[in-house]
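Numbered according to my numbering, the sequence shown terminates at residue 280, and the numbering increases by one at each position without gaps.
Even glycine gets a Cβ: it sits at the ideal position worked out from N, Cα and C.
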Amino acid sequence: MAATEGLFVLEGRPTAQLIADQLREQIVQGVFRPGEQINESVLASQLNTSRGPVREALQRLSQEGILVSHRNRGVFVLELSDDDVREIYAVRKAVESTAADALLNASPEQVKDTCQALKAIISDMAKQVAVSDWQAIARLDMQFHTTFVGGAGNTRLIRIYKTLAAESRMCILNLAVAYPRIDALVEEHQNLLDLLEAGEGEELHKAIERHMQKAVEDLTTKRDETEITA
């Protein structure tokens, strides 16, 4: 478990939730690779804590689907197949479409607050695109969509989307996609924002569907190309 070298260090006695949150971030950043085993005792030692909260953190991430537990073998980082990618983005489309409907029927203040937050994210995204910081771009990409869903104010949608966001970042970074359509990235997100501000429900739904479909095409095409050249 070489990836534990230089892993996060938590001040004080870490809780299971804190360990899970930090470990999730390490996984989506690619510190732990798909298929890599997460050793409970090594992780507990590295964090200078007992195995109890570490075990609970691993169980939480297994329930989310980010980790996979194999009986008598241990816990491993999820390996995403093309079918997994399609499922993730199909569910993302459904959740974001539901959030879009909620926002379109929300108060003007709620929509305004959401749009202001999205504008700030797009501004940051444009800066990171300019310097090709893929980690930051992936984080801001999902921050945009998480904020979009969060704007609907539905706590269950937000909870569902948390796992989808993590899995999406794993898709992007672990497949080394590096955004093949980087020139259109900011434009696509700006278009979603513009349609939300304008209250164009039908066009917003279509834009969400196109956005997800393009992502699936990019991710699965990149995987195929990687396998051919491997």
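Please classify alanine 226 as buried or exposed, where buried requires at least 16 other C-beta atoms within 10 Å of its C-beta.
Residue placement at alanine 226 cannot be trusted, given a pLDDT of 48 that sits under 50; what the coordinates show is reported in the next sentence. Answer is exposed; the Cβ neighbour count stays below 16.
Mapping the DSSP letters down to three states, classify phenylalanine 82 as helix, strand or coil.
coil
When DSSP builds the beta bridges, which residues end up paired with serine 119?
Val125
Inter-stretch contact at 8 Å, needing at least 3 Cβ pairs: the region 251-270 / the region 139-148:
yes
First through last residue of the alpha helix (DSSP H) which encompasses aspartate 282
Residue 282 lies beyond the range of the chain shown here (51 to 280); nothing can be said about it.
Endpoints, the alpha helix (DSSP H) within which alanine 202 is located:
It is not in any alpha helix (DSSP H) - alanine 202 carries neither H nor E in the DSSP assignment.
Can you tell me the Cα-Cα spacing of serine 131 and arginine 110, whole angstroms?
22 Å
Are the beta-carbon atoms belonging to valine 199 and leucine 190 less than 7 Å from one another?
no
Alanine 66 versus methionine 192 - alpha carbon distance
24 Å
Specify whether the region 87-95 and the region 172-189 touch according to this definition: at least 3 beta carbon pairs, one from each stretch, less than 8 Å apart.
no
Classification of glutamine 113 by the beta-carbon crowding that lies within 10 angstroms, buried from 16 upward
exposed
In this structure, what does DSSP give as the bridge partners for isoleucine 138?
Bridge partners of isoleucine 138: none, in fact.
In the DSSP assignment, the alpha helix (DSSP H) including glutamate 250 goes from what residue to what residue?
That residue, glutamate 250, is in no alpha helix (DSSP H); it is neither H nor E in DSSP.
Environment of serine 173 [buried if 16+ CB atoms lie within 10 Å]
exposed
Cβ atoms of alanine 248 and alanine 202: under 7 Å apart, would you say?
no
Nearest-angstrom beta carbon gap, proline 84 and leucine 154 [assumed within contact, 8 Å]
That belief does not hold up - the Cβ atoms of leucine 154 and proline 84 are roughly 37 Å apart, past 8 Å.
Out of Thr205, Leu117, His120, Val236, point me to the one whose CA is closest to serine 182's CA.
Val236
Valine 118 versus valine 125 - alpha carbon distance
6 Å
Exposed unless 16 or more other CB atoms sit within 10 angstroms - verdict on lysine 143:
buried
Would you please state the rounded distance, in angstroms, between the beta carbons of phenylalanine 194 and isoleucine 210? I believe it to be under 8 Å.
Not quite, the Cβ-Cβ distance comes to about 17 Å (not below 8 Å), so this is no contact.
Cβ pair valine 135, threonine 270 closer than 7 Å
yes
Round the Cβ separation of leucine 245 and glutamate 238 to the nearest angstrom and send it over; I've been treating them as touching at under 8 Å.
Rounded, the Cβ-Cβ distance is 11 Å, inconsistent with contact.
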